[in-house]
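Numbering (our numbering), first residue to last: 113 to 875.
Where is the CB? At the ideal position from N, CA and C, for every residue including glycine.
Written out below as structure tokens is the structure these notes cover.
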């Protein structure tokens with residue numbers, strides 16, 4: 113059924129009025145622009161799309177609607193009657209990138225196609241073959257593809273070991289470095305919720321692909337969004353404000369909401385088509401520098417923003433910022449091309465017979481590059497680590513460039529002792545614009561006690577342009593604070609002097625509340641700093657009568673004297689922001705764990721008292737698999753900025769420092785970790801920074817835990833045999849012995865005459 117709705121285009125031009133967005137948090141584009149992607153071919157690769165869908169039917173290339181598994185053309189995706197019940201990614205991607213008419217696509221005159229290469233039964237064609245198939249017939253590919261190694265809805269995944277990128281793919285069907293045809297531009301969404309790192313969308317670690325993260329209509333990165341030095345840029349994403357999609361049920365169907373960074377990737381792909389129409393001579397280096405140099409700096413006060421030596425600002429959650437297509441087109445129209453690119457590798461090999469390089473022991477590895485041209489400029493860096501044993505759950509190496517740039521190449525994943533990982537790839541766009549020549553140093557900083565493995569070989573490959581853009585052209589615009597209060601007052605009123613918050617205790621405050629707003633379906637509560645640029649979520653809740661707010665645990669991680677408590681509703685029907693200043697008291701003198709208990713999973717709440725001093729050791733029962741702990745830090749910033757600002761909680765063996773389990777939590781001072789106690793009799797419970805590039809570092813906090821042996825009341829084993837059973841068995845045995853003796857005695861008499869006594873005995 114076709115959905116009839118009035119389409120809002122906040123992602124193109126956000127006026128800040130609809131869906132509680134902030135004015136200007138968009139890609140700065142106009143639907144009536146003179147550039148519409150004409151002559152550019154966009155292909156969505158994944159779950160297929162309908163050839164004759166109305167949003168692009170006049171521009172669909174029949175030859176580009178291919179079932180790669182069977183190598184045949186198709187008009188609608190196989191099993192479409194099943195697929196339409198869930199979100200069809202390829203169909204919506206084409207509509208958002210190149211839709212026209214009722215659908216406001218970014219490049220409404222681009223030619224479209226859809227390669228179908230995986231289905232609902234997880235049957236999939238080889239990804240490299242898919243991309244190389246008829247690669248001369250398309251210009252831009254939107255590729256949504258993620259390893260399913262995040263079972264049970266977990267946010268942290270097992271690391272999929274990379275496949276090698278074949279040389280013929282790099283030279284022929286991907287980059288087309290001969291300059292005779294347009295390069296192949298691959299856009300990959302940076303996933304969220306089920307993956308903490310771009311590495312879990314495997315093509316995102318390929319060189320020179322466009323990895324795109326999502327930001328909402330307030331300019332805020334997605335919760336649980338993947339992050340890392342491999343994120344290139346960001347684009348709008350449907351969070352609380354919908355972005356419509358196209359349905360696969362029929363050629364007329366539309367959908368109300370196209371969610372996840374798949375939408376962000378589609379918007380960026382449409383933007384690339386517009387740039388190629390504005391200047392058909394743009395190369396891959398040009399298409400990297402232009403969007404990066406003109407990007408919008410969203411959430412500008414985030415502690416994750418850093419400058420590289422070229423002068424570009426980079427944030428591991430959103431890359432160089434959000435696409436500003438209007439400014440990018442202005443640059444493209446007058447851009448002097450940087451030409452094509454080259455690549456160079458440098459290798460460090462370890463002879464394990466002579467030296468041991470253990471990752472995580474603050475080891476440095478320096479590799480020298482010399483291309484002979486001082487203007488050679490970094491586009492992308494790929495790190496390949498090979499090891500005799502890579503037993504890690506998270507890895508935090510840094511790269512230091514010859515020009516002084518320092519960025520962390522972080523991977524976060526669940527530990528898996530059975531997974532014999534021997535090869536890790538780490539991608540990085542953060543060094544865009546750095547000079548190539550000189551010493552590049554890979555540094556492994558020690559931030560916890562875990563043994564991360566033995567490295568045997570390090571290969572750094574740098575992809576670089578032969579010319580260098582003018583640094584004066586960098587124009588990354590500082591955008592609004594995403595935590596700007598909503599302009600609605602008198603909904604919730606706090607008392608003039610609310611009670612102080614005391615770390616590691618509960619907190620209650622009386623309120624006056626307009627109960628009309630209790631129907632809000634999206635209300636969150638925060639603690640934030642004075643100027644409202646830093647905040648962290650807390651699990652507070654209203655009382656049933658809406659006359660009080662209760663916070664079960666006041667965060668115990670700040671070294672501050674005051675905070676601001678915020679209640680905010682982003683429900684478009686019931687919007688408001690209410691704020692009150694509160695005194696904050698942290699009476700703990702030093703960092704540490706002040707309560708640690710183990711309980712059954714179904715009753716994992718603290719029962720004892722908080723210690724006066726940090727706990728160094730504890731004894732628990734094996735039958736209680738849930739650990740609950742209170743910990744204390746003394747930080748000066750209210751930081752809640754993705755995985756990089758989180759806390760790593762680890763279970764580590766005492767004898768050899770192997771990680772048994774590891775995950776990541778919001779840094780509030782309380783741990784509740786279910787089904788975690790291992791079979792080991794002794795282990796370490798450790799809390800440490802998730803990133804070695806945090807603004808505020810702290811030393812790991814450790815408790816040595818032993819599992820107590822349990823002795824119950826003695827009860828001897830009871831034989832299943834009764835006394836009369838035993839007497840019967842003895843009598844039967846005696847009778848059988850007498851019978852056998854009689855038989856053999858009889859046979860012995862009949863054998864008289866034999867002279868060989870041995871033969872008689874053997875018989």
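| query | result |
| --- | --- |
| Own chain residues within Cβ distance below 7 Å of residue 124, not counting five before or after | 138, 139, 141, 143 and 216 |
| Member of 512, 515, 544 and 566 whose CA lies at the smallest distance from the CA of residue 535 | 566 |
| For residue 230 and residue 175, the rounded distance between their alpha carbons | 19 Å |
| Cβ contact (3+ pairs, closer than 8 Å) linking the region 328 to 347 and the region 128 to 138 | yes |
| Neighbourhood of residue 223 by C-beta distance below 6 Å, restricted to the same chain and skipping five residues each side | 153, 171 and 173 |
| Contact under 9 Å by Cβ, residue 638 with residue 677 | yes |
| Entirely enclosed alpha helix (DSSP H) segments - the region 114 to 196, minimum 4 residues | 192 to 195 |
| 9 Å Cβ cutoff met for residue 400 and residue 544 | yes |
| N-terminal and C-terminal residue of the alpha helix (DSSP H) that residue 203 is part of | 201 to 210 |
| Burial state of residue 611, where buried means 16 or more other Cβ atoms lie within 10 Å | exposed |
| C-alpha gap between residue 434 and residue 573, whole angstroms | 27 Å |
| N- and C-terminal bounds of the alpha helix (DSSP H) containing residue 443 | 437 to 445 |
| According to DSSP, residues forming a beta bridge with residue 219 | Residue 219 pairs with nothing; no bridge assigned. |
| Sub-9 Å separation of residue 556 and residue 508 beta-carbons | yes |
| Cβ-based neighbour list, residue 686, same chain, cut-off 7 Å, excluding 5 preceding and 5 following | 629, 631 and 632 |
| Three-state secondary structure assigned by DSSP to residue 738 | strand |
| Residue 186 to residue 540 span [Cα, whole Å] | 38 Å |
| Span separating the alpha-carbon of residue 778 from that of residue 785 | 13 Å |
| Top-ranked residue by Cα proximity to residue 739, from 358, 669, 488 and 819 | 819 |
| For residue 699, the three-state DSSP class (helix, strand or coil) | coil |
| Boundaries of the alpha helix (DSSP H) in which residue 556 is found, first to last residue | Premise fails: residue 556 lies in the beta strand (DSSP E), 550 to 556, not in any alpha helix (DSSP H). |
| Residue 729 beta carbon less than 9 Å from that of residue 816 | yes |
| Three-pair Cβ contact test at 8 Å for the region 590 to 608 versus the region 686 to 704 | yes |
| Cβ pair residue 436, residue 589 closer than 9 Å | yes |
| CB of residue 641 within 9 Å of CB of residue 749, strictly | yes |
| In DSSP terms, what residue 644 is bridged to | Paired residues: none, contrary to the question. |
| Neighbourhood of residue 374 by C-beta distance below 7 Å, restricted to the same chain and skipping five residues each side | 201, 205, 256 and 301 |
| Proximity below 9 Å, CB of residue 286 to CB of residue 247 | yes |
| Classification of residue 699 by the beta-carbon crowding that lies within 10 angstroms, buried from 16 upward | exposed |
| Separation of residue 710 from residue 791, as counted between CA atoms | 14 Å |
| Inter-residue Cα distance where the pair is residue 755 and residue 184 | 43 Å |
| DSSP state of residue 373 mapped onto helix, strand, coil | helix |
| Endpoints, beta strand (DSSP E) assigned at residue 97 | Missing from the structure shown is residue 97; the chain here goes from 113 to 875 and no further. |
| Contacting residues, own chain, Cβ-Cβ under 8 Å from residue 713 (five flanking each side not counted) | 737, 738, 786 and 787 |
| Where residue 802 sits in the DSSP three-state scheme | coil |
| 9 Å Cβ cutoff met for residue 477 and residue 345 | no |
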